[in-house]
């Protein structure tokens, strides 16, 4: 081997090594937030007659709209393609629920001057493509899990907005969305197709470190906890919120037709 | 320079390159120290499915909520003159009596030990209510301490509702979600909630 070739090879190998090691520092590090930035609805908080409207508030409005844009076609597709009564029942809840929420966000879009998308985003388009491509045998499983995953991801974000929004319209939307999404999660789980392991793994992510009480020791029965009771002679008049297990109450006043709601009205 | 050294250098360089490129393959998702393995390490199996640390955390937090919110509701019923505050107190009393019964059943089934006293922060909230003078000051202190606590637990309930693999905890998370949203809504109807304080995290 001529001496020159060996040096070139060494040079290339060293350059390759340094390049591979430097890549994460030089490129990935400064760009690590790019995806999050692109996904976030940016901008300042604006004042409206219903209270301040933050970027997070607008993000919820847009996400509820996007949910309708892909879940309505997904619901309609399952009505045609699935032969499972439970899947069709879930599809029916999706269609009814997202038609209702979509009317509400279109009204809010006009009131709060928040532009809404009219097409599902790329990822949602991909979910619809996956459903379309699924074989008849896999269809129910693919369908239920794509939808259950999406609903499970948005539920905590709805809760955050419900807690911290200062806008009365967004507050009501978050309450309504909580009921609808919890109903959809529940009805999707009733199909028996949901892969709870996959959802738990996805939620754990790269760095979850759950804190909580230690696991129970096998064979050790903890002491019986006494009921929490009023000390006085107080009798409550209201009704507890939980309903029949597996049923979520989505009753609420009907959504107004967005076309009839004037600007600022 | 003897020829031998060059070959050794080339081999060493190639080995390093291959090792550096292969390293990321090692970082598969359930290796020690990742989210999945951290969750697994504190998880026990039950006949209702795996029970994680966050599942147990929710069970204990629901019990703790009842331990201080029931006495808080009684204080408002005795001290407040406001019909909307009394109405909210009624919902707290009924809602947390109901959840407490559910959580005691779930805890007994799953073998989770429950506290019988409010924690230190919660005892502090009750003391703040006691220290507030009757009237507007009491109503405002009472409402905001409770609204803040309910708002803080709402997101963790939603996370457990999404990721639990335990059927008893799943139903408890649904029931708690519905009860907490009702309480948040009733507390807001008093007109005493400081939304700026909640948005800024100052209450």
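Protein chains in written order, with the working numbering: chain A, 7 to 271; chain B, 181 to 383. We put the CB at the ideal spot given by N, CA and C, even for glycine. Treat the numbers as computed from the prediction; the structure is a model and nothing was measured.
Report back the beta-carbon spacing between residue i and residue j to the nearest angstrom; my notes put them in contact at under 8 Å.
i	j	result
residue 19/A	residue 201/B	Not a contact, Cβ separation roughly 12 Å.
residue 275/B	residue 246/A	6 Å
residue 218/A	residue 234/B	6 Å
residue 290/B	residue 222/A	7 Å
residue 354/B	residue 188/A	7 Å
residue 65/A	residue 146/A	With a Cβ gap of about 31 Å, residue 65/A and residue 146/A do not count as contacting.
residue 283/B	residue 231/B	14 Å between Cβ atoms; not a contact.
residue 215/B	residue 210/A	4 Å
residue 280/B	residue 248/A	At roughly 12 Å, the Cβ-Cβ gap does not stay under 8 Å, so residue 280/B and residue 248/A are not in contact.
residue 78/A	residue 123/A	Not a contact, Cβ separation roughly 14 Å.
residue 195/A	residue 154/A	7 Å
residue 59/A	residue 118/A	6 Å
Taking the alpha-carbon positions, what's the residue i to residue j distance?
i	j	result
residue 378/B	residue 114/A	23 Å
residue 199/A	residue 95/A	13 Å
residue 299/B	residue 244/B	7 Å
residue 128/B	residue 373/B	Because chain B in this structure spans residues 181 to 383, residue 128/B falls outside the shown range and cannot be described.
residue 93/A	residue 192/B	58 Å
residue 296/B	residue 376/B	34 Å
residue 42/A	residue 369/B	Its pLDDT being 47, under 50, residue 42/A is placed unreliably in this model, and the coordinates cannot settle the point.
residue 15/A	residue 27/A	18 Å
residue 136/A	residue 148/A	8 Å
residue 288/B	residue 111/A	43 Å
residue 342/B	residue 239/B	15 Å
residue 263/A	residue 116/A	12 Å
residue 191/A	residue 157/A	6 Å
residue 323/B	residue 220/B	39 Å
residue 61/A	residue 338/B	21 Å
residue 263/B	residue 142/A	58 Å
residue 265/B	residue 242/A	14 Å
residue 313/B	residue 259/B	10 Å
residue 270/B	residue 227/A	34 Å
residue 207/A	residue 216/A	13 Å
residue 193/A	residue 150/A	10 Å
residue 242/B	residue 252/B	15 Å
residue 162/A	residue 234/A	28 Å
residue 23/A	residue 198/B	8 Å
residue 255/B	residue 68/A	42 Å
residue 174/A	residue 285/B	37 Å
residue 319/B	residue 86/A	55 Å
residue 50/A	residue 325/B	29 Å
residue 11/A	residue 203/B	29 Å
residue 360/B	residue 134/A	34 Å
residue 383/B	residue 168/A	16 Å
residue 356/B	residue 257/A	18 Å
residue 152/A	residue 205/A	10 Å
residue 316/B	residue 301/B	23 Å
residue 172/A	residue 344/B	31 Å
residue 236/B	residue 336/B	12 Å
In the DSSP output, what is residue i paired with across the bridge?
i	result
residue 53/A	58/A
residue 173/B	No answer is possible for residue 173/B: it lies beyond the span of chain B, which begins at 181 and ends at 383.
Exposed or buried, what is residue i when buried is set at 16 or more other beta-carbons lying within 10 Å of its beta-carbon?
i	result
residue 144/A	exposed
residue 160/A	buried
residue 13/A	exposed
residue 415/B	An answer regarding residue 415/B cannot be provided, because it is not within the stretch 181 to 383 covered by chain B.
residue 70/A	buried
residue 327/B	buried
residue 44/A	In this prediction, residue 44/A scores a pLDDT of 43, lower than 50, which makes its location untrustworthy; no coordinate-derived value is stated.
residue 270/A	Per-residue confidence for residue 270/A stands at a pLDDT of 46, beneath the threshold of 50, marking its modelled position as unreliable; the derived number appears in the next sentence. Residue 270/A should be labelled exposed.
residue 222/B	buried
residue 230/A	exposed
residue 381/B	exposed
residue 170/A	buried
residue 293/B	buried
residue 266/A	exposed
residue 185/A	buried
Contact the segment 340-354 of chain B vs the segment 178-187 of chain A: 3+ CB pairs below 8 Å: no
The segment 184-191 of chain B in contact with the segment 120-133 of chain A per 3-pair CB rule at 8 Å: no
Sufficient close CB pairs (3 or more, under 8 Å) joining the segment 364-382 of chain B to the segment 245-262 of chain A: At 8 Å Cβ cutoff, the stretches do not touch.
contact_flag[the segment 221-230 of chain B, the segment 263-278 of chain B] where n(CB pairs < 8 Å) is 3 or more: The segment 221-230 of chain B makes no contact with the segment 263-278 of chain B, as fewer than three CB pairs between them are under 8 Å.
Segment contact flag, the segment 331-338 of chain B with the segment 307-315 of chain B, C-beta cutoff 8 Å, min 3 pairs: no
Cβ contact check for the segment 49-63 of chain A and the segment 95-105 of chain A: 3 or more pairs under 8 Å: no
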